[in-house]
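Visitor:
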Amino acid sequence: MTEHAMAVPLKQKYFTPGVWVLTALFGTALVIALVRFLLGLGAVTNLNTQYPWGIWIAIDVASGVALAAGGFTSAFLIHIIHKEEYHALSRPALLTAMLGYTFVVLGLLVDLGRYYNVWHPILPSMWQGNSALFEVGMCVMTYLTVLYIEFIPIVAEQYRDRVNLPIFKFLNKPLGRLLAFLDTKMGKIMFIFIILGVVLSFMHQSSLGALMVLVKTKMHPLWWSPILALEFLLSAIAVGFPMIIVESLAASRSFKLKPEMSVLAPFARYVPITLGLYLATRFANLTIRETWGYAFDGSLESWFFLAEIFFGGILPFILFLQEKVRRSPLLLFIAALLVVLGVVFNRINVYLVAYKPVYLAERYVPTLWEILLTVGLVSGLILIYRFLVIHLPVIHAGRKTS
Amino acid sequence: MERRDFFKFMGATGALLTGTSAQAASHQPDFDPNEGVGVLTDFTECIGCRECEWACKDAHNMETPPLETYKDKSVFAEYRRPDENGYTVVNRFPGKGCGEIDLDVKVQCMHCNDPACVSACIVGALVKQDFGPVTYDAWKCIGCRYCMVACPFEIPAYEYEVALDPLVQKCDLCITRLEAGQVPACVEICPRNAMTFGKRGDLIKLAHEKIAEKPNKYIDHVYGEHELGGTAWMFISCEPFEEIKFPKLEEASVVRLPEGIQHGIFKYFIPPAMFYGFLGLIMNLMKPKSEELPESETEVHHD
Numbered sequence: 155m156t157e158h159a160m161a162v163p164l165k166q167k168y169f170t171p172g173v174w175v176l177t178a179l180f181g182t183a184l185v186i187a188l189v190r191f192l193l194g195l196g197a198v199t200n201l202n203t204q205y206p207w208g209i210w211i212a213i214d215v216a217s218g219v220a221l222a223a224g225g226f227t228s229a230f231l232i233h234i235i236h237k238e239e240y241h242a243l244s245r246p247a248l249l250t251a252m253l254g255y256t257f258v259v260l261g262l263l264v265d266l267g268r269y270y271n272v273w274h275p276i277l278p279s280m281w282q283g284n285s286a287l288f289e290v291g292m293c294v295m296t297y298l299t300v301l302y303i304e305f306i307p308i309v310a311e312q313y314r315d316r317v318n319l320p321i322f323k324f325l326n327k328p329l330g331r332l333l334a335f336l337d338t339k340m341g342k343i344m345f346i347f348i349i350l351g352v353v354l355s356f357m358h359q360s361s362l363g364a365l366m367v368l369v370k371t372k373m374h375p376l377w378w379s380p381i382l383a384l385e386f387l388l389s390a391i392a393v394g395f396p397m398i399i400v401e402s403l404a405a406s407r408s409f410k411l412k413p414e415m416s417v418l419a420p421f422a423r424y425v426p427i428t429l430g431l432y433l434a435t436r437f438a439n440l441t442i443r444e445t446w447g448y449a450f451d452g453s454l455e456s457w458f459f460l461a462e463i464f465f466g467g468i469l470p471f472i473l474f475l476q477e478k479v480r481r482s483p484l485l486l487f488i489a490a491l492l493v494v495l496g497v498v499f500n501r502i503n504v505y506l507v508a509y510k511p512v513y514l515a516e517r518y519v520p521t522l523w524e525i526l527l528t529v530g531l532v533s534g535l536i537l538i539y540r541f542l543v544i545h546l547p548v549i550h551a552g553r554k555t556s
Numbered sequence: 013m014e015r016r017d018f019f020k021f022m023g024a025t026g027a028l029l030t031g032t033s034a035q036a037a038s039h040q041p042d043f044d045p046n047e048g049v050g051v052l053t054d055f056t057e058c059i060g061c062r063e064c065e066w067a068c069k070d071a072h073n074m075e076t077p078p079l080e081t082y083k084d085k086s087v088f089a090e091y092r093r094p095d096e097n098g099y100t101v102v103n104r105f106p107g108k109g110c111g112e113i114d115l116d117v118k119v120q121c122m123h124c125n126d127p128a129c130v131s132a133c134i135v136g137a138l139v140k141q142d143f144g145p146v147t148y149d150a151w152k153c154i155g156c157r158y159c160m161v162a163c164p165f166e167i168p169a170y171e172y173e174v175a176l177d178p179l180v181q182k183c184d185l186c187i188t189r190l191e192a193g194q195v196p197a198c199v200e201i202c203p204r205n206a207m208t209f210g211k212r213g214d215l216i217k218l219a220h221e222k223i224a225e226k227p228n229k230y231i232d233h234v235y236g237e238h239e240l241g242g243t244a245w246m247f248i249s250c251e252p253f254e255e256i257k258f259p260k261l262e263e264a265s266v267v268r269l270p271e272g273i274q275h276g277i278f279k280y281f282i283p284p285a286m287f288y289g290f291l292g293l294i295m296n297l298m299k300p301k302s303e304e305l306p307e308s309e310t311e312v313h314h315d
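Below is the structure:
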C-alpha cells in the first residue's frame, strides 16, 4: 500500500509530431554547439568586452538552476516535514531537478571559454573561497551527484528483476542482484542525501545572487542589493512548487492523463506563502534602500522591472489566492506559468538588463544562434524527460485517460 | 607571493574542510599596497604619440605594425578601449587640455589594491601580487569571464574568436620586466616622461606635490588614490576625470561586502552543518507515528 508503488512507466508511444519538432530543435542546438566549439564563442554569440555574459548564463545557467528548485522544495515538503499526501509529485520533481542540473552543466560547458578546465575548482590548489562562483560550482557539482544518487532507486525498482543485456548475459544475474540490493537498502540511507540536497540548494541558489553583489558599480539600483543572495533563495523557493505544477499539468496533457488536481489544488495553497514572502522581501528592500523612484522613471529598466514584478509576482500571487484558480487546470497552469516566467525574467533582468557596462557602445541582444541553442537545450531536456517517464516509474498512474 | 598563496590555500582548506580559519581566506591584505609598485600618469604631459601602445605590444610579443605607423592620428576619431590585441590605448579629448590644446589620455589595467577580478575568479587564476601587479595565470582559467563582469573599469578582454585556449587579456604591469629589474615598457618609452614608476606611497606624495606646485594647472584630484580602495596606477589631470571618461566611483572597496557575506555564511562551515542538523531533527520529529514500524521506514525515504 506504499504510495510509490503507484508510480509506473507510462508505456506510451515515444514519437508524436511534437516530439519530432523538439528533436529538430535539439538537433539545431547540437549544430550550433559544434560551430561554437570549432570556431569560438565569437562566431555564434553577440558577447563582447562590454557584455561578457549573455542569455546562456542568464537563462541556461541562472534560470535553469532556479527552475530546478522543485527538487529541493518538494524534498523538504514531502520527506522532511512528511506531507506524504503530495508523494505523487516527488519523483517527477526529482527527475526535473536531475535533468535541469544536467542541462545547466551542458549549457555552461558551451559558454565556458576553456571548458576542458571546468573541473579545476575541485583541485584544492585552485580553491578560491572569496568567490561566490566557486561556491556555486562546488555545490552544483555535489548536488548533481546527490540527485543522481536519489534517482538510483527508481532505476533499481524498475530493472531489478528485468536485467536482460544483449551480449553480456553473464552479467544479468549479478546486476539484478545489485539492483535488488540497492532497491531494498538505499531507502534506509536516502535521508542523508535528501537533507544534503536541501542544504546544498540553499547554498548555491543564494550564491547565484551573491555573485552579482560584487558587480555593484555596474548594476541598476532596482536590482542590485546587498541581500541579492536572500532574494535569489526566496525566489527559488517560490518558483519550486509552481514549476512542479506546470510540469505535472503539461505531462498530464501530453500523455492524455487526468490532471492530478486532487493533489495539485491543495498543493497550490503553499504558493501564496512562498511567493508572498519573496515579494514582501523585495518590496521591503526597495523601500529601505529608497529605490522605488527608479521604478517609475520611464526608462527601459523601469518598464522591465514593473513587468517582472506585476506579471511574475503580484498577478500570480492574487491568482493563487483564488480557490477557483487552484481548482481549474487551465487557470492553475496559467498562474503557475506566470511565476515560472517571472523568475526567468528576474534572472534575465539581474544578469543582463540591470547590467550596465562602463563604456556602453550598444546594448547586448542575443543572436538567433544563442536563442536557438537555449531553445534546443530545453527541447533536449523535455525529450529525455519523456523517454524516462515512459520507461521508468516516475509518474503516478491509476489515473484514467480523460 | 608564495607565502600569500600558501595562506590562501590554508584558508580555503580551513574554511571548507577542517574549519581552522575562514578569516585567512577573506580579503585582508597581508601587505601594504603603498609599499608595492605603481605608476603615476600625468595627462598634461602626454602628447598622444602612442609609442607606449607600440612598446606594450612589443614587450608582450604581440603582433604590431612598425613604430612609425603609430604617428597616425586618425585613430583619435573614435574613443578606443584596451582589448585582447592591445593592453593600453591613448585617446584624445580635443580642447579638453589645459587651455585650448588637446588632452591625451592613456588607459590600461588599474591594478587595484582590492581587485574585483581577483575576488571573482573561481580558480584563483587572477592574483594580486604583494608588490603591486594583478596577474593572470592562463593555465588555471576556465574561461567563465566573471572577472570581466566584475571589473569596475571594464579592463579584462577576451579572445572571443579563438576556439581552443582563448585567453583573458589585460595589462600585467610588465611583470616579467619588473622581475628583471626594468620598468614597464610604456613607462620606459614615453618621450615626455608622462609616467612615473615607483612605490605607490611615494607616487601619492609626488602627485600631491605636483598639484600643490601648480594649483591652476591641475584639478585637485589624484584618480586612483582612493577609488574603490585605491589602485596601483594613478592619474593627475587638468580636466575633471568624468570629462575624460573615467568612472566616478566611491572610496569603499567593492569586494568587502560580497566577501564578508561569503565568509559569514560559510564561517568554519558551521552554518551549513547546523542547518543540516536542524533539518535532520525536523525530519525525525515530524515523522508520522505509523511509519515507526521498522520495515515501512524504507518506504518513507524511498525516492
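Protein sequence lines correspond, in order, to chains A and B.
Counting from 1 along the first sequence, just add 154 to a position and that's the residue number in this note's numbering.
Counting from 1 along the second sequence, just add 12 to a position and that's the residue number in this note's numbering.
For glycine and all other residues, C-beta sits at the position ideal for the given N, C-alpha and C.
1) For Trp66 of chain B versus Thr56 of chain B, is the C-beta distance shorter than 8 Å?
2) Is any beta-carbon of chain B found at less than 8 Å from that of Ala251 of chain A?
3) Using DSSP with H/G/I as helix, E/B as strand and the rest coil, what is Trp273 of chain A?
4) Name the DSSP bridge partner or partners of Lys140 of chain B?
5) Per DSSP, what kind of secondary structure is Lys8 of chain B in: helix, strand or coil?
6) Please list the terminal residues of the continuous alpha helix (DSSP H) segment that includes Thr81 of chain B.
7) Enumerate in chain order the residues of its own chain whose CB-to-CB distance from Phe465 of chain A is below 7 Å, with the five nearest sequence positions on each side excluded.
8) Pull up the distance between the alpha-carbon of Ile398 of chain A and that of Phe459 of chain A, whole angstroms please.
9) So, is the C-beta of Glu173 of chain B closer than 8 Å to a C-beta in chain A?
10) Which of helix, strand or coil does DSSP assign to Met160 of chain B?
11) For Arg436 of chain A, count neighbouring Cβ atoms within 10 angstroms of its own Cβ and tell me buried if that reaches 16, exposed if not.
12) For chain A, is any of its Cβ atoms less than 8 Å away from the one on Cys124 of chain B?
13) To the nearest whole angstrom, what separates the beta carbons of Trp210 of chain A and Thr521 of chain A, a pair I think is in contact under 8 Å?
14) By Cβ distance, which residues of its chain are closer than 7 Å to Tyr302 of chain A, with the 5 residues on each side in sequence left out?
15) Counting contacts by CB-CB distance shorter than 8 Å, is Glu291 of chain B in contact with chain A?
16) In chain A, which residues lie with their C-beta within 8 Å of the C-beta of Gln120 of chain B?
17) Which residue wins for smallest C-alpha separation from Tyr505 of chain A, given the options A:Phe180, A:Trp207, A:Leu176, A:Gly172?
18) In chain order, what residues of the same chain lie with their CB nearer than 7 Å to the CB of Ile549 of chain A, ignoring the 5 residues before and after it?
19) By the DSSP assignment, the beta strand (DSSP E) with Gly210 of chain B in it spans what residues?
20) Relative to the C-alpha of Glu444 of chain A, which residue among A:Leu376, A:Pro511, A:Lys412, A:Tyr509 is closest?
21) I need the straight-line Cα distance from Leu193 of chain A to Glu455 of chain A, nearest angstrom please.
22) Note down, in chain order, every chain A residue with its Cβ under 9 Å from the Cβ of Cys153 of chain B.
23) Out of curiosity, what's the CA-to-CA distance linking Lys152 of chain B and Val135 of chain B?
24) Along chain A, which residues have their Cβ under 8 Å away from the Cβ of Phe287 of chain B?
25) Is Ile468 of chain A helix, strand or coil when you go by DSSP?
26) Short of 8 Å Cβ to Cβ, which residues in the region 267-288 of chain B face chain A?
27) Figure out for me which residue from A:Val532, A:Val425, A:Ile502 has the closest Cα to the Cα of Val479 of chain A.
28) Please identify, using Cβ separations under 9 Å, the residues of the region 174-199 of chain B that lie next to chain A, in order along the chain.
29) Use the C-beta contact count for Ala128 of chain B: other C-beta atoms within 10 angstroms, 16 or more gives buried, fewer gives exposed.
30) Please classify Val119 of chain B as buried or exposed, where buried requires at least 16 other C-beta atoms within 10 Å of its C-beta.
31) List the residues of chain A that Asp95 of chain B touches, going by C-beta distances under 9 Å, in chain order.
32) Just the Cα atoms here: how many angstroms apart are Lys167 of chain A and Pro413 of chain A?
33) Three Cβ pairs or more, each shorter than 8 Å: is that satisfied between the region 383-396 of chain A and the region 312-330 of chain A?
34) Compute the beta-carbon to beta-carbon distance between Gly351 of chain A and Phe226 of chain A, rounded to the nearest angstrom, for a pair I have assumed lies under 8 Å.
35) Taking Cβ positions, are Val102 of chain B and Gly60 of chain B nearer each other than 8 Å?
36) Could you give the distance in angstroms between the alpha-carbon of Pro470 of chain A and the alpha-carbon of Trp523 of chain A?
Guide: Quick look at the numbers:
1) The count along the second sequence starts at 1 and reaches residue 66 of chain B at position 54. The count along the second sequence starts at 1 and reaches residue 56 of chain B at position 44. No.
2) Your numbering for residue 251 of chain A matches position 97 in the first sequence. It does not; no Cβ of chain B falls within 8 Å.
3) Here the question's residue 273 of chain A lines up with position 119 in the first sequence. Per DSSP, reduced to three states, the secondary structure at Trp273 of chain A is coil, with no helix or strand assignment.
4) As a first step, residue 140 of chain B must be located in the second sequence, where it is residue number 128. The bridge partners DSSP lists for Lys140 of chain B are B:Val146.
5) Residue 8 of chain B falls outside the range modelled here, since chain B spans only 13 to 315, and no answer is possible.
6) As a working mapping, residue 81 of chain B is identified with position 69 in the second sequence. Unbroken run through Thr81 of chain B: none, as it is neither H nor E.
7) Mapped onto the first sequence, residue 465 of chain A falls at position 311. Apart from sequence neighbours up to five positions away, the residues of its chain that approach Phe465 of chain A with a beta-carbon distance below 7 Å are Leu492, Gly496, ordered along the chain.
8) On the first sequence, residue 398 of chain A is found 244 positions in, with the first residue counted as 1. On the first sequence, residue 459 of chain A is found 305 positions in, with the first residue counted as 1. Using only the alpha carbons, I get a separation of about 25 Å.
9) Locating residue 173 of chain B in the second sequence gives position 161, where the first residue counts as 1. It does; some Cβ of chain A falls within 8 Å.
10) Here residue 160 of chain B is taken as the residue at index 148 of the second sequence, counted from 1. Under the three-state reduction of DSSP output, Met160 of chain B falls in the helix class.
11) One-based indexing of the first sequence puts residue 436 of chain A at position 282. Counting Cβ neighbours within 10 Å, Arg436 of chain A comes out buried, since at least 16 surround it.
12) One-based indexing of the second sequence puts residue 124 of chain B at position 112. Chain A, which has no Cβ nearer than 8 Å to the Cβ of Cys124 of chain B, makes this no.
13) For the purposes of this step, residue 210 of chain A is taken as residue 56 along the first sequence, with counting starting at 1. For the purposes of this step, residue 521 of chain A is taken as residue 367 along the first sequence, with counting starting at 1. Taking 8 Å as the upper bound for CB-CB distance, Trp210 of chain A and Thr521 of chain A are not in contact here, some 11 Å apart.
14) The residue given as residue 302 of chain A occupies position 148 in the first sequence. Contacts found: Met252.
15) Walking along the second sequence from the start, residue 291 of chain B turns up at place 279. Reading off the sequence, residue 291 of chain B comes out as Leu, not Glu. Closer than 8 Å to some Cβ of chain A, the Cβ of Leu291 of chain B qualifies, so yes.
16) Indexing the second sequence from 1 puts residue 120 of chain B at position 108. Within 8 Å Cβ-Cβ: nothing; Gln120 of chain B doesn't reach chain A, min ~14 Å.
17) Position 351 of the first sequence holds residue 505 of chain A. Ranked by Cα distance from Tyr505 of chain A, the options A:Phe180, A:Trp207, A:Leu176, A:Gly172 are led by A:Trp207.
18) To locate residue 549 of chain A, count along the first sequence from 1; it is residue 395. Around Ile549 of chain A: Ala161, Leu164, Pro246, Ala405, Val543.
19) The sequence position of residue 210 of chain B within the second sequence is 198, counting from 1. Here the beta strand (DSSP E) through Gly210 of chain B covers 207-211.
20) Looking up residue 444 of chain A in the first sequence gives position 290. Answer by Cα proximity: A:Leu376.
21) Residue numbering aside, residue 193 of chain A sits at position 39 when the first sequence is read from its first letter. Residue numbering aside, residue 455 of chain A sits at position 301 when the first sequence is read from its first letter. Looking at the two C-alpha atoms, the distance is approximately 34 Å.
22) Taking the second sequence and counting its residues from 1, one reaches residue 153 of chain B at position 141. Listed along the chain, the chain A residues whose CB falls inside 9 Å of the CB of Cys153 of chain B are Gly267, Arg268, Asn271, His274.
23) Here residue 152 of chain B refers to the residue found at position 140 when the second sequence is read from its first residue. Here residue 135 of chain B refers to the residue found at position 123 when the second sequence is read from its first residue. Taking the straight line joining both Cα atoms gives about 6 Å.
24) Start at 1 with the first residue of the second sequence, and residue 287 of chain B comes out as number 275. Result: Val353, Phe356.
25) Numbered from 1 along the first sequence, position 314 holds the residue referred to as residue 468 of chain A. Note: Ile468 of chain A maps to helix in three-state DSSP.
26) Contact annotation: in the region 267-288 of chain B, residues whose CB is within less than 8 Å of a CB in chain A are Val267, Leu269, Pro270, Glu271, Ile273, Gln274, His275, Ile277, Phe278, Pro284, Phe287, Tyr288.
27) By 1-based counting over the first sequence, the position of residue 479 of chain A is 325. Nearest option by C-alpha distance: A:Val425.
28) Going along the region 174-199 of chain B in chain order, one finds Val174, Ala175, Leu176, Asp177, Pro178, Leu179, Val180 with a Cβ nearer than 9 Å to chain A.
29) Along the second sequence, read from residue 1 onward, the residue named residue 128 of chain B stands at position 116. Result: buried.
30) Working through the second sequence from its first residue, we reach residue 119 of chain B at position 107. That one is buried.
31) Translated into the one-based positions of the second sequence, residue 95 of chain B becomes position 83. Here the neighbours are Thr203.
32) As a position in the first sequence, residue 167 of chain A is number 13, starting the count at 1. As a position in the first sequence, residue 413 of chain A is number 259, starting the count at 1. Straight-line measurement puts the Cα of Pro413 of chain A at about 19 Å from the Cα of Lys167 of chain A.
33) Contact between the region 383-396 of chain A and the region 312-330 of chain A is absent, because fewer than three Cβ pairs lie under 8 Å.
34) Translated into the one-based positions of the first sequence, residue 351 of chain A becomes position 197. Translated into the one-based positions of the first sequence, residue 226 of chain A becomes position 72. About 5 Å; that satisfies the 8 Å criterion.
35) Indexing the second sequence from 1 puts residue 102 of chain B at position 90. Indexing the second sequence from 1 puts residue 60 of chain B at position 48. Annotated as proximal: Val102 of chain B and Gly60 of chain B, with beta-carbon spacing under 8 Å.
36) On the first sequence, residue 470 of chain A is found 316 positions in, with the first residue counted as 1. On the first sequence, residue 523 of chain A is found 369 positions in, with the first residue counted as 1. In this structure, the alpha-carbon of Pro470 of chain A lies about 32 Å from that of Trp523 of chain A.
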